[in-house]
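Following: one structure in structure tokens, then a few remarks.
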Amino acid sequence: MSTAAISEQSSRRPRLDPNAETILEVKDLQVQFPTADGVVSAVNGVSYELKLGETLAIVGESGSGKSVSSMAVMGLHDPKRTRMSGSILLDGQELVGASPQTFQKVRSNTVAMIFQDPQSSLHPFKKIGSQIAEAYLVHHKVSKSVAHKRAVEMLDRVGIPNPARRAKQYPHEFSGGMRQRAMIALGLVNDPRLLIADEPTTALDVTVQAQILDLLNDLQREFGSAIIMITHDLAVVAEVSDKVLVMYAGRGVEYGTTREVLADPRHPYTWGLLSSVPSLSAALDVPLNPVRGNPPSLLNLPKGCSFNPRCDYADRVPGDRCFTELPAFTEVPGEPGRLTRCHLAEPAEIFAAEVAPRLGK
Ligand code: SF4
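The structure is reproduced here in structure tokens:
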């Protein structure tokens, strides 16, 4: 999908309901892993909130902290090997420092997660229908036949043809797209209020990917859940999300509605992400301009702004602030709820004059 198509797609999502109930509030979350080589700071102060019916896309390269921060919400980090601080308020319950029993309850009643590779969630030697029915039985005092009926209904709901027959098959008898649908059925069988989808379409071809994203949009409308979509793909962001958190080196660097962030981004890293997507409307002789270099080691982050070794705009900031002072994650003046982390004084003007023409905007 081109950058112009990405912007247009993002405007098709229904408007957010300002009165919807807040299901998740993450404040200044830090996740560190002490290792023999030093402390890996995987998440360095991430904040966001999510309401029922909303989808937040968390986007960034590998190692940006997007999966680690979401796994913290699920309680999937080993507490003996992880240092965590800040706050994760899920449905009013504080999860930082919560007991394994609390997380177990949360995973059962409130949150479900789907992964890139359905093989990792589906048991290879159990029939698909039995796996979904078992997950339902953990939380509902019903007979096995009622749970099986529910499993077949869920398979039908996620668009699997002949669901009664398919329920009796094993994961290896399903195609990749069908397995992903089965995993979504498994994730939604207990009506979670929050669904975390970690790169759910990365392994699929584009046609199946579009079908799965449409399915998630439809199911969200039907079930009213909140969704966190973890992705590196801006086309996925545009297709499914209401809000975006762009992460770099364990920190949020840009946050706002999908339309704001994709149409008028304010951070050089977001400009780089958009510039690495081909544009149908840009001139043919305009080359792609992806972010140069590689993300920094989380064992040894650069001083000042973590993005400074890869940033083409650091010399526009007076003094050497980009190399000595970590920018705060602050609200864009006049745009409540929209945040960026950059010392540039006039990012909107730079984007409009220098970056947007390259993107064909
Ligand atoms: Fe670039 Fe400086 Fe902004 Fe960091 S603070 S993104 S180095 S201009």
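Note that full-length UniProt numbering has the sequence shown beginning at 1, numbered continuously upward.
Ideal placement from N, C-alpha and C gives every residue a C-beta, glycine not left out.
The closest CA to that of N294, considering only A226, N308, F323, is found on N308. Taking C-beta separations shorter than 6 angstroms and ignoring five residues to either side along the sequence, the partners of P200 in its chain run I114, following chain order. Bounds of the alpha helix (DSSP H) holding N109 are 100-109.
According to DSSP, Q32 shares a beta bridge with S41, R83.
Between the ligand SF4 and L339, a heavy atom-to-CB distance of less than 7 angstroms is absent. Straight-line measurement puts the Cα of T82 at about 31 angstroms from the Cα of C311. Within the same chain, and ignoring the five residues on either side of H139 in sequence, the residues whose Cβ sits closer than 8 angstroms to its Cβ are S108, N109, N190. Annotation for A20 indicates a beta carbon at 7 angstroms or more from all heavy atoms of the ligand SF4.
Checking the 7 angstroms criterion, the Cβ of Y313 is within range of a heavy atom belonging to the ligand SF4. Relative to the Cα of T22, the nearest Cα in the group V146, G53, P79 belongs to G53. Between the ligand SF4 and the CB of P327, the shortest heavy atom gap is smaller than 7 angstroms. Assigned with DSSP and collapsed to three states, V253 falls in strand. Per DSSP, the beta-bridge partners of A226 are L194. Secondary structure note for K243: its beta strand (DSSP E) is the uninterrupted segment 243-248.
The three-state reading of DSSP puts I160 in coil, since its state is none of H, G, I, E or B. The ligand SF4 approaches N308 closely enough that one of its heavy atoms is under 7 angstroms from the residue's Cβ. Taking a contact as a CB-CB distance under 8 angstroms, the pair G65 and L299 does not count as one, their CB atoms being some 14 angstroms apart. Of the other Cβ atoms in all chains shown, 16 or more fall within 10 Å of the Cβ of T257; this residue is therefore buried. DSSP, reduced to helix, strand and coil, places L24 within a strand of the structure shown. Annotation: L56 is outside any alpha helix (DSSP H); the continuous beta strand (DSSP E) that includes it extends over 55-59.
In terms of Cβ geometry, S306 and R266 do not form a close pair [threshold 8 angstroms].
In the three-state reduction of the DSSP assignment, A356 falls in the helix class, which pools H, G and I. Per the coordinates, the alpha-carbon of L213 lies some 44 angstroms from the alpha-carbon of D320. Contact between V31 and A42 holds: their C-beta atoms lie close to 5 angstroms from each other, under 8 angstroms. If you look at C322, you'll find it in the alpha helix (DSSP H) that goes 321-324. For P333, the distance from the CB to the nearest heavy atom of the ligand SF4 is not below 7 angstroms.
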